[in-house]
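Following: one structure in structure tokens, then a few remarks.
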Amino acid sequence: MRAQLARGAVEGVLCERQGRPAAYAFLLRAPEAKSLLLLLYAVEPEMRGSGVGSAFLRTLLERASGAAGLYAEVEKEELAPDAAERRIAFYERLGFSRGEGLYYYLFYRPLADPRHPDAAPAAGAALSRLTGSKISSF
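As structure tokens, this is what we get:
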């Protein structure tokens, strides 16, 4: 991971709220690919349900506007029965659609999605409404 970060193939992004980590993500940017892969996306347990996760992902979508889309993976229900359903609903609410045929679900969201015209432009405003939230790359 460190080598990929150093080469610029992976970008790490941290979302802080009131000076504390609230969520983080790692995005893979392969030079030959038109889309990005969300390698890891996590929201601190005490921040779940507060809107930080949705606002942070909208911000990531806005920052990735030069890409064609963003892929995200979710374990199938039988592999993660306690979390898969919640994660699936999260990505679907944000305009991702499910791919099939793998041991996990692969979701995709075009970044210029006419069904969700408000997602990217509203990202910064939504995040700023969450008191003290700040985004930084590492």
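One rule links them: number in our numbering = place in the sequence shown (from 1) + 611. Here a beta-carbon is modelled for each residue, glycine too, at the ideal position from N, C-alpha and C.
Review point. The beta strand (DSSP E) spanning Leu-639 covers which residue range?
Key: Here residue 639 corresponds to residue number 28 of the sequence shown, with the count starting at 1. Here the beta strand (DSSP E) through Leu-639 covers 631-639.
Review point. How about the region 685-692 and the region 639-658: do they share at least three Cβ pairs that are nearer than 8 Å?
Key: Under the Cβ criterion (8 Å, minimum of three pairs), the region 685-692 does not count as touching the region 639-658.
Check your understanding: What does DSSP give as the partner residues of Pro-721 in its beta bridges?
Key -> Within the sequence shown, the letter at position 110 stands for residue 721. Under DSSP, Pro-721 shares a beta bridge with Gly-680.
Exercise for review: Just mark Ala-683 as buried or exposed, buried being the case when its beta carbon has 16 or more other beta carbons within 10 Å.
Suggested key: To locate residue 683, count along the sequence shown from 1; it is residue 72. By the 10 Å Cβ count, Ala-683 comes out buried.
Practice item. Output the boundary residues of the beta strand (DSSP E) element that contains Leu-649. Key: Taking the sequence shown and counting its residues from 1, the one referred to as residue 649 is at position 38. Element bounds for Leu-649: 647-654.
Exercise for review: Drop a sphere of 10 angstroms on the beta-carbon of Glu-657, count the other beta-carbons inside from all chains shown, and report buried for 16 or more, exposed for fewer.
Suggested key: The residue you call residue 657 lines up with position 46 of the sequence shown. Counting Cβ neighbours within 10 Å, Glu-657 comes out exposed, since fewer than 16 surround it.
Check your understanding: With DSSP run on the structure shown, which of helix, strand or coil describes Ser-665?
Key -> As a first step, residue 665 must be located in the sequence shown, where it is residue number 54. In the structure shown, Ser-665 sits in a helix (DSSP, three-state: H, G or I).
Practice item. Check each candidate in Glu-686, Glu-696, Val-663, Leu-649 and name the one with the smallest Cα separation from Tyr-719. Key: Working through the sequence shown from its first residue, we reach residue 719 at position 108. Closest option to Tyr-719, Cα to Cα, is Leu-649.
Review point. Near Tyr-716, which residues of its chain fall below 6 Å by C-beta distance, leaving aside the five closest residues on each side in sequence?
Key: For this step, residue 716 is matched to residue 105 along the sequence shown. Correct list, in chain order: Val-685, Arg-709.
Practice item. Take Glu-696 and list the residues in its own chain whose beta-carbon comes closer than 7 Å to its own, dropping the five residues that flank it on each side. Key: To locate residue 696, count along the sequence shown from 1; it is residue 85. Only residues of its own chain outside the window of five on either side were considered, and among them Glu-688 have a CB closer than 7 Å to the CB of Glu-696, listed in chain order.
Check your understanding: Where does the unbroken beta strand (DSSP E) through Leu-625 begin, and where does it stop?
Key -> For the purposes of this step, residue 625 is taken as the residue at position 14 of the sequence shown. Leu-625 -> beta strand (DSSP E) spans 621-628.
Practice item. Helix, strand or coil for Arg-659, going by three-state DSSP, please let me know. Key: Position 48 of the sequence shown, counted from the start, is the residue given in the question as residue 659. Note: Arg-659 maps to coil in three-state DSSP.
Practice item. Evaluate the contact criterion for the region 656-672 versus the region 613-620: three or more CB pairs, one atom per stretch, below 8 Å. Key: Inter-segment contact for the region 656-672 and the region 613-620 is absent: fewer than three beta-carbon pairs are separated by less than 8 Å.
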